[in-house]
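Quick note: the sequence shown uses this note's numbering, first residue 134, plus one each step. Where a beta carbon is used, it is the ideal one built from N, C-alpha and C, also for glycine. Data block below; observations after.
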Amino acid sequence: MRIVIAGGHGQIALRLERLLSARGDEVAGIIRNPEQGDDLREAGAEPVLLDLESASVEGIAAHLQGADAAVFAAGAGPGSGTARKDTVDKRAAMLFADAAARAGVRRFVIVSSMAADPAHQGDDVFDVYLRAKGEADAYVRGLDALDWTILRPGRLTDDPGTGLVRLEAHTGRGSIPRADVAAVLADLVDSTATAGLTLELISGSTPVSVAVKSVAGN
């Protein structure tokens, strides 16, 4: 498979790139800082230099041509203000989804957030973030050209992955190591069985592959 990841230098994305390249997939990661290229190459991914905040749908679609799946794992980051929650977490996600549809890449997985909601109230940065993520999710759900899955992890940690998760439509709040999020994403891109599902993810007691197969069968 060829998989293109938006936000290719993110902490989850780098872990995902290592997993995908290790199993033999062809991986490309979109970055806007050329200095990050070596980190992607070390992870087994091809760096693609592109600024999603200024790129066109056509420009992004050109890099998605021939891909089997697209993953949106970009984010403005915890230190960013409200403006970039809109330009990255919302608008870049919508643009990437439109580009995937334009390029004919049906399999689309977006990394969202627990409690993302387009109707979320409040003006603090985190409120704006949850609203932006929710609006992006709602937009993706409306694209019939995509076999989309929305993944909403709980509180992210840098703890070592356990390979044991809880993956359901509604899990309740909890935490999850980034390594386990990456492992779930690697399984999700492999199959369209979870297409049309919005899934919450926290640490649990079920092996990743079993959890993905179980939710796909429901």
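Would you give the residue range spanned by the alpha helix (DSSP H) that residue i belongs to?
i      : result
Ala363 : Residue 363 is absent from the structure shown; the chain starts at 134 and stops at 351.
Ala319 : Arg311 to Leu321
Ala265 : Val258 to Arg274
Arg240 : Per DSSP, Arg240 belongs to no alpha helix (DSSP H); it is in the beta strand (DSSP E), Arg240 to Val244.
Glu150 : Gln144 to Ala155
Ala232 : Ala226 to Ala236
Once DSSP output is grouped into helix, strand and coil, what is the label at residue i?
i      : result
Glu179 : strand
Asp292 : coil
Leu279 : coil
Ser187 : coil
Arg135 : strand
Arg217 : helix
Ala248 : coil
Gly170 : helix
Ala209 : coil
Ala326 : coil
Gly192 : helix
Please list, in chain order, all residues of the same chain as residue i whose beta carbon is under 8 Å from its beta carbon, the five residues on each side excluded.
i      : result
Trp281 : Ala230, Phe241, Val242, Ile243, Val273, Arg274, Ala328 and Gly329
Pro293 : Pro310 and Ala312
Gly296 : Asp313, Ala316, Pro340 and Val341
Asp158 : Met134, Arg135 and Ile136
Ala344 : Val298, Arg299, Leu300, Val317 and Gly337
For the beta strand (DSSP E) that residue i lies in, which residues bound it at each end?
i      : result
Glu333 : Leu330 to Ser336
Which partner residues of residue i appear in the DSSP bridge assignment?
i      : result
Leu297 : Pro340
Arg306 : According to DSSP, Arg306 bridges with nothing at all.
Arg165 : None; Arg165 has no bridge partner.
Pro286 : Leu334
Val160 : Ile136
Once the 5 residues before and after residue i are set aside, which same chain residues still bring their CB inside 6 Å of it?
i      : result
Ile163 : Ala139, Gly141, Val181 and Leu183
Arg288 : Ser308
Suppose the cutoff is 7 Å on Cβ atoms and the five residues either side in sequence are ignored; what does the same chain contact list for residue i look like?
i      : result
Ala232 : Val190, Ile193, Ala194 and Leu197
Gly208 : Gly140, Gly143, Val221 and Asp222
Leu276 : Ala230 and Ala234
His253 : Asp260, Leu263, Arg264 and Gly267
Pro251 : Arg264, Gly267, Glu268 and Ala271
Gly214 : Val258
Could you check whether the region 329-342 touches the region 295-303, counting it as contact only if at least three pairs of C-beta atoms, one from each stretch, sit closer than 8 Å? yes
Answer yes if the region 176-183 comes into contact with the region 215-230, meaning at least three C-beta pairs across the two stretches below 8 Å, and no otherwise. no
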